[in-house]
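Chemist: Heads up: the sequence shown begins at 1376 in this note's numbering, then just goes up one per residue.
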Amino acid sequence: LVGMTVLLTYWQWAFYNALEAKDWDAFIALLFTWHTTEAEGFLPSFTIVAALYILIAVYQLYLRQALQIRWRRWLTEVYLTQWLEGRAYYRMALTDPETDNPDQRIAEDARMFVDATLVLGLGLMNSVVTLGSFVLVLWSLSGPLAVLGIEIPGYMVWVALIYALAGTTLAHFIGRPLILLNFTQQKVEADFRYALVRFRENVEGIALNGGEADEKRGLTERFHALMENWWSIMTATKRLTFFTAGYTQVATIFPIVVAAPAYFAGRIPLGGLIQTSSAFGQVQGALSWFVDNYRELTEWRATVERLTGFTRAVATARAAATGPVAAKGSDAGLVIDDVTLALPDGRTLLEHGAARVAPGEAVVITGASGSGKSTLIRAIAGIWPFGGGRVSLPANGRALFLPQRPYIPLGSLKRAVCYPEDEAGFTDAQVAEALEAADLGHLVPRLHEAEAWDKRLSGGEQQRLALARALLLKPDWLFLDEATASLDPAAEERLYAQLKERLPGTALISIAHRPAVAKFHDRGLRVEGGRLVAA
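See below:
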């Protein structure tokens, strides 16, 4: 593209000289065929130059977009891996509330970074190549200039350099506040969007409590913060635009004014004046890349800071948060060895807890609310990052954890039942049988329907679905963290009976408050006073 632009300046030289000389043959040749002179050599017509330029411009855009999507794919994979590996996402949620909206950073900030980096990076490369190409042209055209008895060769090059340096310095001084403002804008936009998503995910609770006025108040406050920052961006952008617009307008006439004395003195023809003006514009434009892109650079820098901040937060979460070590062991059972559990604020829930559960054994864990029962299950799963000690499960045993609020993925009902296994590994009949056993037979005809099942199903139905998952996957170790709390006592007993009947070899570890659940277990453990004791 830069080469085509250089060629176009020489074409302009010949074309305007032909106009000045009223040379009809040269005029037609330069428009439609080609023209050859001793001064310029062979010059293709405007038709040829335009056709080549269009072809190059189209493929430049096409190839840039190809690079854009490939780069974004790679970058998304990198950030997803960082966020998911070692359950960094879970640790960040507990330890780093300052790193807001990781979903926005992976989806939106990564896209903005790739788009802006390509636009700015290719623009900078174009400016460098343009500068290298046209500075020689401008140097040869401008000639020397005597100032106070000192002859300055290629004076137009020096004029362009001084003009661009002055503009760059002023642009940075005027536009610097935009850096922080753009960073803040991305944050408040993400906060507002997150609040709307959270509203949508909790419509039933809001409707039941008549919380519309409070929700509107909260949403309005977040949007007000967005608006206030946007007005600040507008004010800063207005100041910067006053300068950049004036800088650009002056640049259109400035080279002609500087070169005009040589033209009126007869040292250069009209074509030379036009070519000099064009070459000066290219050199000055290349040197002014920073001025022309200052606002985009502030947005790009804000995006980079959010992405690098995300990377630092992931690394910090992995390095700082150390909890009980959960690993596969050589023992045939579950071994809890000297486990201490703490909260993010440093308070201790459990000290030096120890227990052993044999394969196929059923154990119920009880205790007061907030005593650390659920946290103990998280430690057994290997996700709790505060505390110490060691937890080991048999190397060959498969464990399944069912919390009080089960996770139901997006997609078909069959996928929700099979999660986290691949639904292709199970027949429809197997899944239907599990649903029937969990008292969800009415859902069997909808097995392949893709719905937001966490919204379509009641709390009790969601817990039944999770129990159907356990009946289908048949784990060696099944952990139920109040996984039947939303069921009525009769349904709870019936489903525990199904688990005991259909999973005879599965070890069952339950957290429950209802005494009726205890009869389905061989013994009990209790978390009391920071200790794990026999119930």
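Backbone N, C-alpha and C fix where the C-beta goes; we use that ideal spot for every residue, glycine too. Note that the structure is predicted; figures quoted are calculated from it, not measured.
Would a C-beta distance cut-off of 8 Å place E1903 and G1742 closer than the cut-off?
Modeler: It is a contact, given that the beta carbons lie within the stated cut-off.
Chemist: Starting from P1864 and walking both ways along the alpha helix (DSSP H), at which residues does that stretch end?
Modeler: Where P1864 is concerned, the enclosing alpha helix (DSSP H) stretches over P1864 to R1877.
Chemist: Let's see if you can read the secondary structure: which residues bound the beta strand (DSSP E) around L1716?
Modeler: First-last of the beta strand (DSSP E) with L1716: L1709 to A1717.
Chemist: Going by C-alpha to C-alpha distance, which of A1468, L1716, W1675 and E1811 sits closest to G1763?
Modeler: The shortest Cα separation from G1763 among A1468, L1716, W1675 and E1811 belongs to L1716.
Chemist: Specify the secondary structure class of T1741 as computed by DSSP and reduced to three states.
Modeler: Three-state DSSP puts T1741 in a strand.
Chemist: Can you round the beta-carbon distance between W1458 and V1489 to whole angstroms, since I take them to be within the 8 Å contact cut?
Modeler: Between V1489 and W1458 the Cβ distance is about 18 Å, and since that is not below 8 Å, they are no contact.
Chemist: Quick one: what's S1420 bridged to in DSSP?
Modeler: Paired residue(s): none; S1420 is not in a bridge.
Chemist: Mind reading off the beta-carbon distance from S1787 to H1823? Whole number of angstroms is fine, and I expect it under 8 Å.
Modeler: Yes, they are in contact, since the Cβ atoms of S1787 and H1823 sit about 5 Å apart, within 8 Å.
Chemist: Just mark G1728 as buried or exposed, buried being the case when its beta carbon has 16 or more other beta carbons within 10 Å.
Modeler: Counting Cβ neighbours within 10 Å, G1728 comes out buried, since at least 16 surround it.
Chemist: So what does DSSP say about A1909, is it helix, strand or coil?
Modeler: Residue state, collapsed to three classes: strand.
Chemist: Specify the secondary structure class of E1590 as computed by DSSP and reduced to three states.
Modeler: E1590: helix per DSSP, three-state reduction.
Chemist: Tell me the DSSP bridge mates of T1411?
Modeler: Answer is F1417.
Chemist: How is the beta strand (DSSP E) around I1886 delimited, first residue to last?
Modeler: Counting along the chain, the beta strand (DSSP E) containing I1886 begins and ends at A1882 to I1886.
Chemist: Contact defined as beta carbons within less than 8 Å: I believe Y1538 pairs with S1517. What is the distance between those atoms, to the nearest angstrom?
Modeler: Not a contact, Cβ separation roughly 14 Å.
Chemist: Could you pull the start and end residues of the alpha helix (DSSP H) that R1831 belongs to?
Modeler: Note, R1831: alpha helix (DSSP H), W1828 to R1831.
Chemist: In this structure, does DSSP put F1854 in helix, strand or coil?
Modeler: F1854 falls in the strand class under three-state DSSP.
Chemist: Is E1868 closer than 8 Å to A1913 when the C-beta atoms are compared?
Modeler: Past the boundaries of the shown model lies residue 1913; the chain is included only from 1376 to 1910, so the question cannot be answered.
Chemist: Between which two residues does the alpha helix (DSSP H) holding G1899 run?
Modeler: Looking at the DSSP string, G1899 is not in any alpha helix (DSSP H); the run it does join, the beta strand (DSSP E), is R1898 to E1903.
Chemist: In chain order, which alpha helix (DSSP H) runs of at least 4 residues are fully inside the stretch 1771–1805?
Modeler: 1788–1793, all fully within the stretch 1771–1805.
Chemist: What three-state label does DSSP hand E1452 in the structure shown?
Modeler: Looking at E1452 - three-state DSSP - the assignment turns out to be helix.
Chemist: Counting only the same chain and skipping the five closest in sequence on each side, list residues whose C-beta sits under 6 Å from that of T1543.
Modeler: Closer than 6 Å at the Cβ level, and outside the excluded window around T1543, lie F1665 and V1666.
Chemist: Given that a residue counts as buried once 16 or more other Cβ atoms are within 10 Å of its Cβ, and exposed if not, what is Q1624?
Modeler: By the neighbour-count rule (16 or more Cβ atoms within 10 Å), Q1624 is not buried but exposed.
Chemist: Beta-carbon within less than 7 Å of F1801's beta-carbon, same chain only, minus the 5 sequence neighbours each way: which residues are those?
Modeler: C1793 and L1847, listed in sequence order.
Chemist: With distances taken from CA atoms, which of R1844, L1555 and V1819 is nearest D1797?
Modeler: Of the listed residues, the one whose Cα sits closest to D1797 is R1844.
Chemist: How would you label E1587, buried or exposed, when you count the other beta carbons within 10 angstroms and need 16 or more for buried?
Modeler: Classification for E1587: exposed.
Chemist: Note down, in chain order, each residue of its chain lying with its Cβ closer than 7 Å to the Cβ of Q1779, except the 5 sequence neighbours on either side.
Modeler: If we look at Q1779 and ignore the five residues flanking it on each side, its Cβ neighbours are D1856, E1857, A1858 and A1860.
Chemist: For the stretch 1613–1622 and the stretch 1665–1682, state whether three or more C-beta atom pairs, one from each stretch, are separated by less than 8 Å.
Modeler: In short, these stretches touch, since the Cβ pair count reaches three.
Chemist: Using the three-state DSSP reduction, which class does T1544 fall into: helix, strand or coil?
Modeler: If DSSP states are grouped into helix, strand and coil, T1544 belongs with the helices.
Chemist: Return the CA-CA distance between A1541 and W1533, expressed in angstroms with no decimal places.
Modeler: The alpha-carbon atoms of A1541 and W1533 are separated by roughly 12 Å.
Chemist: Does the Cβ-Cβ distance between V1700 and R1765 come in under 8 Å?
Modeler: Yes, the pair counts as a contact, with Cβ atoms nearer than the cut-off.
Chemist: Counting along the chain, where does the alpha helix (DSSP H) carrying R1486 start and finish?
Modeler: R1486 -> alpha helix (DSSP H) spans A1485 to S1517.
Chemist: Which residues mark the beginning and the end of the beta strand (DSSP E) in which L1725 is found?
Modeler: Residues T1723 to V1732.
Chemist: Excluding the 5 residues preceding and the 5 following L1724 in the sequence, name in chain order all residues of the same chain whose CB lies nearer than 6 Å to its CB.
Modeler: Contacts found: L1716, G1747 and T1750.
Chemist: From W1514 to L1594, what does the alpha carbon distance come to, in whole angstroms?
Modeler: Roughly 60 Å separates the two Cα atoms.
Chemist: If you count every other CB in all the chains shown that lies within 10 Å of the CB of S1744, and 16 or more means buried, which is it?
Modeler: It is exposed - the Cβ of S1744 has fewer than 16 other Cβ atoms within 10 Å.
Chemist: Where do the N-terminal and C-terminal ends of the beta strand (DSSP E) with A1701 fall, by residue?
Modeler: Start and end: V1700 to G1704.
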